[in-house]
Amino acid sequence: MQNPVTDPATTATPSPESADNTESTAAEQAGDSIETFDAVVLEWLPESVSSPMETLAAYPLLMAFLVITAGYVLGKILQFLLRVIGQRLTSRTRTDLDDRLLQAARRPALTIPVILSLLVVTALAPLPGLLHRFTVGVLATVLLFSLLRASLAAAHAVLEVLARNQDRAGIIQPRTIPLFEISAKVLLVAIAGYAFLLIWGIDPTAWLASAGVIGIAVGFAARDSLANLFSGIFIVADAPYKIGDYIVLDTGERGEVTHLGLRSTRLLTRDDIEVTIPNAIIANAKIINESGGPWEKHRIRLPVGVAYGSDLDQVVGILEGVAAEHPEVLDDPAPRVRMRAFGPSSLDFELLGWVERPVQRGKVLHELFMAVYRRFNDEGVKIPFPQRDIHIRRDLPDIVDDGGNAPEPDNGRDD
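Using the working numbering, the first residue of the sequence shown is number -5, and each one after it goes up by one.
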């Protein structure tokens, strides 16, 4: 049997020319996108402006100075109009949405004209090909991120205003703001990422085609981050708590929920210490929501012990009077007194009252304890404390003799 002869000329081996062609193709795609961007910028200019620009192109430094100065002056004029005329228009409305949108638009009002003027200078200036593409890409990226930042601020402002007007937008509430805000951030960042790829001449279809493999790799590498992300979505959807609630975790942390983000939840304790807890942990924890229920009011309990023989009606009247006189104890529901037990050394009572918010619990209990003690002293009501009397008997038989030996037991026998 003869071995087939392989022709080296017909062997399918990668050649340096194919690699060069691949690199040149990518470079050509980037160059085409930049040239398209330059064409868009030049077409955007009116004829009365583009003609003098082409004339000034023979003097690059003078043209750059004039165009950049014009862009900066135009940006300042736009900021002035937003500040003066915009405030006059927004002062006639009842909502603050327009004020916040104007606040978000002030920085782009200056950034956009300046960046566009730099793009015009770059399009008309005789720069080398690589430097020209890099400069246009950097300027377009800065413009893109400026618009992204303003869009995120505007989306947050719109969601907050809609949450306050629940009659018009019932699905958007304070507890669902993080969910919609997370969705808006993901959407805007995805759009910005797609635009970023187009700016630098990167083909997005190749990235989309490999999204499955990349998704599996990212899923294994960032499983903790993804777990926190989905836990945050489930927390918002299930609503065991919302921003502003006072919660207690099974690990002992207690505080006000100040932030519910993509990765974690933040609590502000009574010591003004911020505790950050990953959403994946807090989603699997036992949560006591002190602000939950039909209202945010919080019940406080004041245990009091009085001596046996005290006038029970007098004790009940004193405790109810102290609660009624306190300005932060609510009248509805009314405070009440309950006798709980016959203690070892006292008659155990409990004063029950309600405060407006859980944060008031510590302060109100402190003031009620002091007020009850003063009233008991004035009314002659005794507060008992445990006492122990020790009796020593001296007629006990000797257990050990003087020699240190225990006496022999007497079994009733005569030895």
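Virtual Cβ for every residue (Gly too), placed ideally from N, Cα, C.
Separation of residue j from residue i, as counted between CA atoms
i, j, result
"S145", "K179", "9 Å"
"I106", "G347", "59 Å"
"Q73", "V358", "50 Å"
"A365", "V316", "7 Å"
"P352", "P288", "14 Å"
"I267", "L261", "8 Å"
"D218", "T89", "40 Å"
"I282", "I241", "5 Å"
"I227", "T199", "29 Å"
"G195", "P122", "18 Å"
"T411", "S339", "Only positions -5 to 409 of the chain appear in the structure, and residue 411 is not among them; the question remains open."
"G356", "D93", "39 Å"
"L181", "T135", "18 Å"
"A211", "V108", "41 Å"
"R412", "R100", "There is no way to answer for residue 412, as the model of the chain reaches only from -5 to 409."
"E290", "D265", "21 Å"
"T270", "E250", "12 Å"
"A52", "L124", "21 Å"
"P46", "T84", "39 Å"
"A20", "V114", "A caution first: A20 carries a pLDDT of 46, below 50, which makes its placement in the model unreliable, though a value can still be read off. The alpha-carbon atoms of A20 and V114 are separated by roughly 25 Å."
Beta bridge counterpart(s) of residue i as assigned by DSSP
i, result
"R416", "In the structure as shown, the chain starts at -5 and stops at 409, and residue 416 therefore has no counterpart that could be examined."
"L254", "T259"
"T63", "Its beta-bridge partners do not exist; DSSP assigns none."
"P272", "S258"
"E344", "P297, R332"
Whole-number beta carbon distance between residue j and residue i, since they are thought to touch under 8 Å
i, j, result
"G299", "D342", "5 Å"
"L96", "L76", "5 Å"
"P272", "R257", "7 Å"
"L313", "V349", "At roughly 16 Å, the Cβ-Cβ gap does not stay under 8 Å, so L313 and V349 are not in contact."
"P102", "L133", "So it is not a contact: roughly 14 Å between Cβ atoms."
"G65", "L137", "No, G65 and L137 are not in contact; Cβ-Cβ is about 12 Å, not under 8 Å."
"A318", "A274", "Rounded, the Cβ-Cβ distance is 47 Å, inconsistent with contact."
"I193", "L112", "Their Cβ separation, rounded to whole angstroms, is 15 Å, which puts I193 and L112 out of contact at 8 Å."
Close beta carbons around residue i, own chain, < 8 Å, minus the five adjacent residues each side
i, result
"F139", "A186"
"Y367", "I377"
"L60", "L50"
"S370", "Note that residue 370 is Phe in the sequence shown here, rather than Ser. Excluding positions up to five away in sequence, the list reads V300, I312, K376, I377."
"Y188", "P198"
Own chain, CB closer than 6 Å to residue i, minus 5 neighbours either side, in chain order
i, result
"R332", "E344"
"A98", "A144, A147, A148"
"A279", "L243, D244"
"L104", "G69, Q73"
"R330", "L346"
Same chain, Cβ closer than 7 Å to residue i, neighbours up to 5 away in sequence not counted
i, result
"P(-2)", "For P(-2), the predicted model reports a pLDDT of 45, less than 50, meaning its position is unreliable; a value from the coordinates is still stated below. Hits under 7 Å: none found."
"P234", "I281, N283"
"I171", "L153, E154, A157"
"A151", "L91, R94, L95, A98"
"F190", "T135, L138"
"V309", "V300, F343, V375"
Buried/exposed call for residue i, threshold 16 Cβ in 10 Å
i, result
"H253", "exposed"
"D239", "buried"
"H292", "buried"
"E373", "exposed"
"V230", "buried"
"G80", "buried"
"L118", "buried"
"T116", "buried"
"V130", "buried"
"T259", "buried"
"P327", "exposed"
"L56", "exposed"
"V183", "exposed"
"I71", "exposed"
"A277", "buried"
"V207", "exposed"
"S225", "buried"
"L296", "buried"
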